[in-house]
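Accompanying notes for the structure given below.
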């Protein structure tokens, strides 16, 4: 979603970082370029000018050239200003002492039902969850929610009442009584898709919201809508009490600026973002991470959390088995390397390639590398996959020929295998090594 904006900002950033001294003319030129990049990425014009104005004042207040690295100081100040623009004081989720009731509202096709499932999957670690739908505008919506509830392993309650004025109290009492009786602590409610001319649905949704009085009422916004999402946000704020925004389809190929204007435009926090179809693809909105993506800065904290989550280890019981190192071979390595696809853009590939030259398109390069890795491993016999340390030079030639690669490629694969084995040994020897800090120290010595 941020590729276009990040590319433009990165181009400006690289020019700034290349200067030893920043003149007034330089600064004004860079500010104008940043302003244009944000506006062309659909960030609200008024908000962009507000950001640039505040940023410009900060630059004038300090002697930026007294800094050891003026360009870096400039980027750091811009980074902090973008965080302020994205952040909101009320980003945390609220819960009730008894049953916490969460609603999701939005336009048709915004992803309400699937997002509700993702939310249930995330929150089920805390309490027992019940999914319930009052959406009867789509015949398949309740069935979709039922399937999602089953996949997320949470409760589901079928609604037997038509969504109309005379049934609102019945719907409320029916769902709440069931939730209390079955000791559910969080009730997640799906609603009909609302259009600007859906007057009856708007009124009925308002009334049922007043009955339930939910502690959270999330507005679901499709980030691919561009400027239309801004108008939708204003419309929903006018008619409903919204506690926060969930941005869906954050992985779509859109400009992204309009979605990021939401917090300032309706004065409500973005609480979550979704970036895929899987139930696991919901994450808390983190302004720092987004700001780093926009400025194309490394996000080390997020990077190391992703390594920890994907490459080892607490969630994977086999890594905790003392006998694991005895069976760790090239086939297992291939499985683990495939996981790297998920976190490649955060720099993990730098560790495995030991700072060798590679193309700027890391995603494409990793896909090619995994294919090459698979081809090399498949060209080995069973014994070689199990005991790679026994592979002789003559066999390396044969493996390279059989996989359509070079001997150097085979050597790279073997080197990476021993690096992974070493990493696993380190983790098994010392459980405290699992901490982000120690993992960072170990990896930084390898890069």
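Numbering (the working numbering), first residue to last: 121 to 567.
Note that the Cβ used here is the ideal one computed from N, Cα and C, for glycine as well.
Remember, it's a predicted structure, so these values are computed and weren't measured experimentally.
_Please state the DSSP three-state secondary structure of residue 471._
For this step, residue 471 is matched to residue 351 along the chain shown. Model confidence at residue 471 stands at a pLDDT of 44, short of 50, so the residue's coordinates are unreliable and nothing is read from them.
Report task. Measure the C-alpha to C-alpha separation of residue 364 and residue 534 and round it to an integer number of angstroms. Result -> Along the chain shown, one-based indexing puts residue 364 at 244. Along the chain shown, one-based indexing puts residue 534 at 414. Take the alpha-carbon of residue 364 and the one of residue 534: they are about 49 Å apart.
Rounded to the nearest angstrom, what separates residue 439 and residue 244 at their Cα positions?
Here residue 439 refers to the residue found at position 319 when the chain shown is read from its first residue. Here residue 244 refers to the residue found at position 124 when the chain shown is read from its first residue. Because residue 439 carries a pLDDT of 47, less than 50, the predicted location of this residue cannot be relied on, and the following value inherits that uncertainty. One C-alpha to the other measures close to 25 Å.
Quick check on DSSP: helix, strand or coil for residue 368?
Here the question's residue 368 lines up with position 248 in the chain shown. Three-state result, residue 368: strand.
| request: Would you identify the three-state DSSP class for residue 132, choosing helix, strand or coil? | output: As a working note, residue 132 is residue 12 in the chain shown. It is helical.
(message) If you follow the alpha helix (DSSP H) that residue 337 is in, where does it begin and where does it stop?
(response) Here residue 337 refers to the residue found at position 217 when the chain shown is read from its first residue. Run containing residue 337: none in the alpha helix (DSSP H); it sits in the beta strand (DSSP E), 336-342.
query = Taking the C-alpha atoms as reference points, what is the distance between residue 403 and residue 532?
reply = Residue numbering aside, residue 403 sits at position 283 when the chain shown is read from its first letter. Residue numbering aside, residue 532 sits at position 412 when the chain shown is read from its first letter. Approximately 35 Å between the Cα atoms of the pair.
query: Terminal residues of the continuous alpha helix (DSSP H) containing residue 325?
result: Numbered from its first residue, the chain shown carries residue 325 at position 205. Run containing residue 325: 319-332, per the alpha helix (DSSP H) assignment.
If you drop the 5 nearest sequence neighbours on each side, which residues of the same chain put their C-beta closer than 6 Å to that of residue 216? Counting from one through the chain shown, the residue named residue 216 turns up at place 96. The answer, listed in chain order, is 335.
Quiz item: Does the beta-carbon distance from residue 277 to residue 259 come in below 8 Å?
Solution: In the chain shown, the residue the question calls residue 277 occupies position 157. In the chain shown, the residue the question calls residue 259 occupies position 139. Contact: no.
Residue 206: which of 187, 189, 408 sits nearest, CA to CA?
Counting from 1 along the chain shown, the entry for residue 206 is found at position 86. Measuring from the Cα of residue 206, the nearest candidate turns out to be 408.
- Confirm, please, whether the CB-CB distance from residue 209 to residue 310 is below 8 Å. Translated into the one-based positions of the chain shown, residue 310 becomes position 190. Translated into the one-based positions of the chain shown, residue 209 becomes position 89. Cβ distance not < 8 Å, so residue 310 and residue 209 don't count as in contact.
- Query: What distance in whole Å lies between the Cβ atoms of residue 129 and residue 414, which are believed to be in contact at a cut-off of 8 Å?
  - Reply: Working through the chain shown from its first residue, we reach residue 414 at position 294. Working through the chain shown from its first residue, we reach residue 129 at position 9. Distance from residue 414 to residue 129 at the Cβ level is roughly 6 Å; contact confirmed, criterion being Cβ atoms closer than 8 Å.
Which same chain residues end up closer than 7 Å to residue 131 when comparing Cβ atoms and leaving out the 5 residues on each side of it in sequence? In the chain shown, the residue the question calls residue 131 occupies position 11. Excluding positions up to five away in sequence, the list is empty.
What is the DSSP secondary structure of residue 402, counted as helix, strand or coil?
On the chain shown, position 282 is the one that residue 402 refers to. In this structure, residue 402 counts as strand in the three-state DSSP scheme.
Give me the DSSP bridge partner(s) of residue 394. Within the chain shown, the letter at position 274 stands for residue 394. Partner(s): 402.
Taking residue 530 as the reference, which of 265, 505, 138, 542 has the closest Cα? On the chain shown, residue 530 is found 410 positions in, with the first residue counted as 1. When each option's Cα is compared against that of residue 530, the closest is 505.
Reduced DSSP secondary structure (H/G/I, E/B, other) of residue 437 | Counting from one through the chain shown, the residue named residue 437 turns up at place 317. Here the model assigns residue 437 a pLDDT of 49, short of 50, so the residue's position is not dependable, and the following value carries that caveat. Correct three-state label for residue 437: helix.
Exercise. Could you pull the start and end residues of the alpha helix (DSSP H) that residue 523 belongs to?
Key: By 1-based counting over the chain shown, the position of residue 523 is 403. Bounds of the alpha helix (DSSP H) holding residue 523 are 513-523.
- prompt: To which residues of the same chain is residue 199 closer than 8 Å at the C-beta, ignoring the five residues directly before and after it?
  reply: Residue numbering aside, residue 199 sits at position 79 when the chain shown is read from its first letter. Once the five neighbours on either side are set aside, the close Cβ partners of residue 199 are 411, 412, 415, 417.
Report task. Output the distance between the C-alpha atoms of residue 192 and residue 136, rounded to the nearest integer angstrom. Result -> Walking along the chain shown from the start, residue 192 turns up at place 72. Walking along the chain shown from the start, residue 136 turns up at place 16. Looking at the two C-alpha atoms, the distance is approximately 8 Å.
Where does residue 521 land, buried or exposed, given buried means 16+ other C-beta within 10 angstroms?
-> Here residue 521 refers to the residue found at position 401 of the chain shown. Label assigned to residue 521: exposed.
Could you compute how far the alpha carbon of residue 333 sits from the alpha carbon of residue 361? Counting from one through the chain shown, the residue named residue 333 turns up at place 213. Counting from one through the chain shown, the residue named residue 361 turns up at place 241. Taking the straight line joining both Cα atoms gives about 10 Å.
Quiz item: Near residue 139, which residues of its chain fall below 6 Å by C-beta distance, leaving aside the five closest residues on each side in sequence?
Solution: Along the chain shown, read from residue 1 onward, the residue named residue 139 stands at position 19. Cβ within range, chain order: 191.
**Prompt:** Could you give the residue range of the beta strand (DSSP E) that holds residue 224?
**Reply:** Here the question's residue 224 lines up with position 104 in the chain shown. Looking at the DSSP string, the run of the beta strand (DSSP E) that includes residue 224 is 220-225.
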